[in-house]
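Structure first, commentary second.
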Amino acid sequence: MWRCVILVKGENTERPAGLLQPLKVPEWKWEEITMDFIVGLPRTRKGYNSIWVVVDRLTKVAHFIPVNTTYSGSQFTSRFWEQLHDSLDTKLRFSTAYHPQTDEQTERTNQVLEDMLKACAIQYGTSWNKCLPYAEFSYNNSYQASLKKSPFEALYGRRCRTPLFWDQVGEKQVFGPRIIEDAEQQLRVVQENLKIAQSRQKSYADNRRRELNFKVDDFVYLKVSPMRGGRRLNMKGKLAPRYIRPFKVLEKKGEVAYRLELPPSLSGVHDVFHVSQLKKCLRVPGEQAPLEDLNVHEDLTYTKHPVKILETSERITRNKRIKMCRVQWSHHTEKEATWEREDEMKEAYPNLFASQP
293 MWRCVILVKG ENTERPAGLL QPLKVPEWKW EEITMDFIVG LPRTRKGYNS
343 IWVVVDRLTK VAHFIPVNTT YSGSQFTSRF WEQLHDSLDT KLRFSTAYHP
393 QTDEQTERTN QVLEDMLKAC AIQYGTSWNK CLPYAEFSYN NSYQASLKKS
443 PFEALYGRRC RTPLFWDQVG EKQVFGPRII EDAEQQLRVV QENLKIAQSR
493 QKSYADNRRR ELNFKVDDFV YLKVSPMRGG RRLNMKGKLA PRYIRPFKVL
543 EKKGEVAYRL ELPPSLSGVH DVFHVSQLKK CLRVPGEQAP LEDLNVHEDL
593 TYTKHPVKIL ETSERITRNK RIKMCRVQWS HHTEKEATWE REDEMKEAYP
643 NLFASQP
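The structure is reproduced here in structure tokens:
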């Protein structure tokens, strides 16, 4: 029985669980927005080190705002954003924790912007904030397959006319009720195009996924990710457990999310999880192995550290000798020890070699 539990916690070969649940298409422009931060950028002369990305869910128009991050995203949402939305009577819809696919529109926008910044960094260097207006203009005037037009055209009802591109000769004037009729007609076209794109994306995504449902009072395993002392070495946690202790399902939230009963040791972890992070437990908890002392962090990762060096060896290549050491890691037996480069281990864990001759 013990070995069965260990195998369940270690295996990770199933297709992702949870069918795609497309978000409802908004009724009007800028009625629903998504936002995210691109962090870790080189600090500019004005002190900017991050970009605040805001995207309209209907027209896909994006704004790229350079900012200086002095606190985390969780502090931003808890301190500022909740007070602001109360004042403006705005409804907040937070994405499911550890499931970035919820807001893949903004994630994709971030990728496009990062690619643009990489190209601009060659000319601007650390002054990347100077090219943000150009990146925003270029993005908003690029053709979107889901809209079948550019975000600018979807928002304003006409193509952007620049000195480099004039698609019309003369001037078109629309007055009175005709303006409203044209705007509503173009809005219906955009909404229909988005629904078609969502249907196509769902059919593609569901081919690689499986439907999985749980009931209240069921027990499930929770997926975690290993980290070795904040850096990944040769094995990259391949032998680490993928799931921890079975938890009781308290409530179903929406179509593909569940609230779990977490112990006090995981009080800092949000208790609602997407079904892709869960695996069904087929036996009662009393028959399962005890909870591992993994010290799980708030982002569902845990730190692995070396316990001891079991043996050393040398690997001979064509032109040099590489010293190797067989390391036993925390939460693992000697049979699961891995071979690592001695120089990398000395750099990452110098105390491990303090007692070595």
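Using the numbering used here, you'd call the opening residue of the sequence shown number 293 and step up by one each time. Beta carbons are placed, not taken as given, at the ideal position from N, Cα and C, and that holds for glycine.
Between residue i and residue j, what straight-line distance do the alpha-carbon atoms span, to the nearest angstrom?
i, j, result
"Lys572", "Trp621", "28 Å"
"Ile343", "Lys422", "12 Å"
"Lys600", "Leu558", "28 Å"
"Ile472", "Asn485", "20 Å"
"Arg274", "Trp631", "Because residue 274 is not part of the residues shown, which for the chain are 293 to 649, the question remains open."
"Tyr496", "Arg618", "44 Å"
"Asp328", "Glu606", "47 Å"
"Asp378", "Gln483", "29 Å"
"Asp681", "Arg307", "With the chain represented from 293 up to 649, any question about residue 681 goes unanswered, as that position is not in the structure."
"Val548", "Val516", "18 Å"
"Glu374", "Lys383", "10 Å"
"His566", "Lys544", "10 Å"
"Asp474", "Leu574", "58 Å"
"Tyr550", "Lys507", "9 Å"
"Thr625", "Ala646", "22 Å"
"Thr609", "Met637", "20 Å"
"Arg633", "Arg534", "25 Å"
"Glu445", "Glu476", "14 Å"
"Thr418", "Leu380", "37 Å"
"Val359", "Gly546", "34 Å"
"Leu376", "Val561", "25 Å"
"Val317", "Pro469", "25 Å"
If contacts are defined as beta-carbon pairs under 8 Å, then residue i and residue j qualify, I think. What distance do you get, rounded to the angstrom?
i, j, result
"Ile536", "Leu514", "6 Å"
"Asp509", "Val481", "In fact, because the Cβ distance is near 48 Å, the residues do not count as touching under 8 Å."
"Val345", "Ile330", "6 Å"
"Glu428", "Ala354", "7 Å"
"Thr326", "Gln397", "6 Å"
"Lys352", "Pro443", "4 Å"
"Pro598", "Leu644", "5 Å"
"Leu311", "Asp498", "5 Å"
"Ala411", "Trp420", "Rounded, the Cβ-Cβ distance is 11 Å, inconsistent with contact."
Thinking C-alpha only, which one of the options is nearest residue i?
i, options, result
"Ala309", "His597, Leu570, Gly560 and Glu606", "Leu570"
"Arg451", "Asn432, Pro469 and Ala437", "Asn432"
"Lys596", "Lys540, Lys422, Thr382 and Ala640", "Ala640"
"Phe539", "Asp328, Ala475, Arg610 and Pro555", "Pro555"
"Ile357", "Asn402, Ile471, Leu380 and Ser491", "Asn402"
"Ser438", "Arg618, Gln493 and Ser557", "Gln493"
"Asp563", "Asn643, Leu350 and Val512", "Val512"
"Thr361", "Leu333, Leu380, Gln375 and Thr382", "Leu333"
"Glu628", "Thr609, Leu602, Ser419 and Glu634", "Leu602"
"Lys441", "Gln313, Glu626, Gln478 and Val567", "Gln478"
"Asp635", "Gln436, Lys615 and Arg534", "Lys615"
"Tyr448", "Leu350, Ser491 and Phe372", "Leu350"
"Gln313", "Thr609, Thr418 and Ser568", "Ser568"
So what's residue i in DSSP terms, helix, strand or just coil?
i, result
"Ala354", "strand"
"Leu552", "strand"
"Phe506", "coil"
"Gln620", "strand"
"Gln285", "Residue coverage of the chain in this structure runs from 293 to 649, which leaves residue 285 outside it and unanswerable."
"Lys627", "helix"
"Lys321", "coil"
"Asp498", "helix"
"Tyr513", "strand"
"Val481", "helix"
"Glu543", "strand"
"Pro598", "strand"
"Pro443", "helix"
"Val426", "At residue 426 the sequence reads Tyr, which differs from the Val that was named. Three-state result, Tyr426: helix."
"Pro308", "coil"
"Pro538", "strand"
"Leu384", "coil"
"His377", "helix"
"Val561", "coil"
"Lys338", "coil"
"Leu574", "coil"
Please report whether the beta-carbon of residue i lies at a distance below 7 Å from any beta-carbon of chain D.
i, result
"Asp509", "Looking for chain D here will not work: only one protein chain is present."
Is residue i near the ligand NAP, judged by its Cβ being under 6 Å from some heavy atom?
i, result
"Lys638", "Within the structure as shown, the ligand NAP is missing, as the structure has no ligands at all."
Task: Segment contact, 8 Å Cβ cut-off, at least three pairs: the segment 402-422 with the segment 303-322 - done: Here the segment 402-422 makes no contact with the segment 303-322; the two share fewer than three CB pairs at distances below 8 Å.
- [ ] Say whether the segment 491-510 touches the segment 325-344, bearing in mind that this needs 3 or more beta-carbon pairs closer than 8 Å, one atom from each stretch.
- [x] Contact between the segment 491-510 and the segment 325-344 is absent, with fewer than three C-beta pairs closer than 8 Å.
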